[in-house]
Amino acid sequence: MISVLTIAGSDSGGGAGIQADLLTIGALGAHALSVIVALTAQNTSEVRAVRGVEVDFIEKQLEAVFEDFSVQGVKTGMLWDKEVIELVSSSLKKYEVKNLVVDPVMVAKSGDRLLKEEAVLALKEKLFPLAKVITPNLPEAEALLGFEVRKKEEMLQAGKMLLELGPQAVIIKGGHLEDEPWDLLVFSDGYLWLKGERVPWEAHGTGCSFSAALATFLGMGYEVQEAALRAKRFIQEGIRMAKSVGRGFKVVDPLASLKKEASRWEVIKSLKEAYCKLESMASNAIIPEVGSNLVYALEGARDEDEVAGFEGRIVKVRKGFKRVGEISFGASRHMARLVLEVMRFYPFLRSVMNIRYDPIFIERGKKKGFKIFFVDRKKEPEDVKREEGASLKWVVREVLKEAQEVPDIIYDEGDVGKEPMIRVLGKNPQEVVDKVLELLGE
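Read in order, the letters of the sequence shown are residues 4 to 445 in our numbering.
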């Protein structure tokens, strides 16, 4: 196991700083080391106070770490003042640190200052030349260079100028761009744009977790470009799964990717249990001619390989029905596209089953109080019909774009070459199967 060191300040709210770094490094499978240079009285809304740690005690922390551990990666975050920067840079030289990521933290998400103004020059002159990568966001790049950085062409200019300050590479984080959130990696012989994904919230701790992930991947031996791409994917997942734990900004979740992977076995288990209940209680009256499938997506799923279903579908047999294959992720691309589109509107509706259309089922559902939506497949545009995988997305969008209630059922009466179908939605497979059994009158 490699060891990765974070040199930064403590966040009493747990969303950024040392706390976010330790979670990130551990989530990626490395041993996390820490040197605390400042304490903050901080929450998700504000920084109420900052107290710097005595320089001689910071030095003792650095000595204790470097004299015992083989440190493969280091990141710096909040360093607070000039004296700390000078000490840290001297120690990093002394211990010949190779994989250094400098996150030039200056201002908290809340707008509170985390680096004294007189320390900015020391940051540029003492620390940047030691760095493999520096990771300023747009406001930090502006503060470092003294001009506005708000467009992609300005980012490129800024990246080249920051590279002249001595780091081997620069990543300018473009989350503050007005349009799409592009990050820019600039290195000695070129540059690379890293496309992000805009979410409708701001998350506290993103810069800290990103730089900690980058230092960890560099410590694992990845080259800068690959490490940057991996760190970008890691933090994007953490932002998508950001948590509302306080009254202010959401907090990035460095454990998001780990939780998603760990939940795979639970998804498979839930599908097995739901199918067993269905098999023991339902008749083959629910199975359409094309077969049925029951799928379940991981929380926050984004692509078809994060949706589990039955290989080969569930098909009719003489006295009932049976599943043809095993349960696996990516087994049903068709149904995966449908549930992923549903989750764009209602992220908690992660499970869907398609069953045979029967007006009796619809009437029973109405009597049970289910929220039922009809879509006319005859209105499906020709260009949608021609595009592979577009039909079910159209079905979902057509129904849910103006829906005022969370749907239980989406159904259609078919079209030329399209079998009529009922789709039963739920939070999990057990809920879906229970609804199916109610439609059957069981």
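All C-beta atoms in this analysis are idealised placements derived from N, C-alpha and C, irrespective of residue type, glycine included.
Scanning its chain for C-beta atoms nearer than 7 Å, with the 5 sequence neighbours on each side dropped, one finds around residue 172 the residues 135, 136, 188, 189, 190 and 227, in chain order.
Distance from the CA atom of residue 299 to the CA atom of residue 427, rounded to whole angstroms, is 12 Å.
According to the DSSP assignment, residue 27 belongs to the alpha helix (DSSP H) that extends over 20-30. Around residue 259, the same chain offers 240, 241 and 244 as residues with beta carbons nearer than 6 Å, after the five sequence neighbours per side are excluded.
Taking C-beta atoms under 8 Å as the contact rule, residue 375 and residue 365 qualify, at a distance of about 6 Å. If you draw a straight line from the Cα of residue 127 to the Cα of residue 262, it is about 38 Å long.
Per DSSP, reduced to three states, the secondary structure at residue 288 is helical. Its Cα nearest to that of residue 148, the residue 123 stands out among 156, 154 and 123. The three-state reading of DSSP puts residue 268 in helix, counting H, G and I together. Bounds of any beta strand (DSSP E) do not take in residue 361, whose DSSP letter is neither H nor E.
Residue range 375-377 is occupied by the beta strand (DSSP E) that includes residue 375. A buried status is given to residue 273, since no fewer than 16 other beta-carbon atoms sit within 10 Å of its beta-carbon.
Contact between residue 330 and residue 313 holds, with the beta-carbon distance rounding to 6 Å and staying under 8 Å.
When DSSP reads this structure, residue 196 sits in a beta bridge with 187. Rounded to whole angstroms, the gap between the alpha carbons of residue 396 and residue 388 is 11 Å. Here residue 267 is exposed: its Cβ has fewer than 16 other Cβ atoms, across all protein chains shown, within 10 Å.
The bridge partners DSSP lists for residue 37 are 9.
With contact defined as three or more Cβ pairs closer than 8 Å, the segment 93-105 and the segment 62-71 are in contact. With a cut-off of 8 Å on Cβ pairs, the segment 321-338 is not in contact with the segment 414-421, counting fewer than three such pairs.
Relative to residue 80, the option among 99, 325 and 104 whose CA is nearest is 104.
Counting only residues of its own chain and dropping the five nearest sequence neighbours on each side, residue 319 has a CB closer than 7 Å to the CB of 287 and 290. One alpha carbon belongs to residue 442, the other to residue 356, and they sit about 13 Å apart. Pairing residue 348 with residue 393 gives a Cβ-Cβ distance that is not under 9 Å. Residue nearest to residue 237 within the set 264, 251, 321 and 120 is 264 (criterion: CA-CA distance). If you look at residue 119, you'll find it isn't in any beta strand (DSSP E); DSSP assigns it neither H nor E. In the DSSP assignment, the residues bridged to residue 356 are 297 and 427. The alpha carbon of residue 369 has as its nearest neighbour, out of 411, 404, 378 and 213, the alpha carbon of 411. Cβ atoms of residue 184 and residue 177 come within 8 Å of each other, at about 5 Å. For residue 313, the beta-bridge partners assigned by DSSP are 330. When secondary structure is reduced to three states using DSSP, residue 160 falls in the helix class.
The residue among 110, 119, 163 and 303 with its C-alpha nearest the C-alpha of residue 174 is 163. Contact check for residue 220 against residue 168 fails: the beta carbons are separated by 9 Å or more.
Contact check for residue 15 and residue 47: beta-carbon distance about 11 Å, past the 8 Å limit, so the pair fails to qualify. Annotation note: the segment 43-118 contains the following uninterrupted alpha helix (DSSP H) runs of length 4 or greater, listed N- to C-terminal: 58-69 and 85-97. When DSSP reads this structure, residue 412 sits in a beta bridge with 375 and 427. Here residue 172 is bridged, per DSSP, to 136 and 190.
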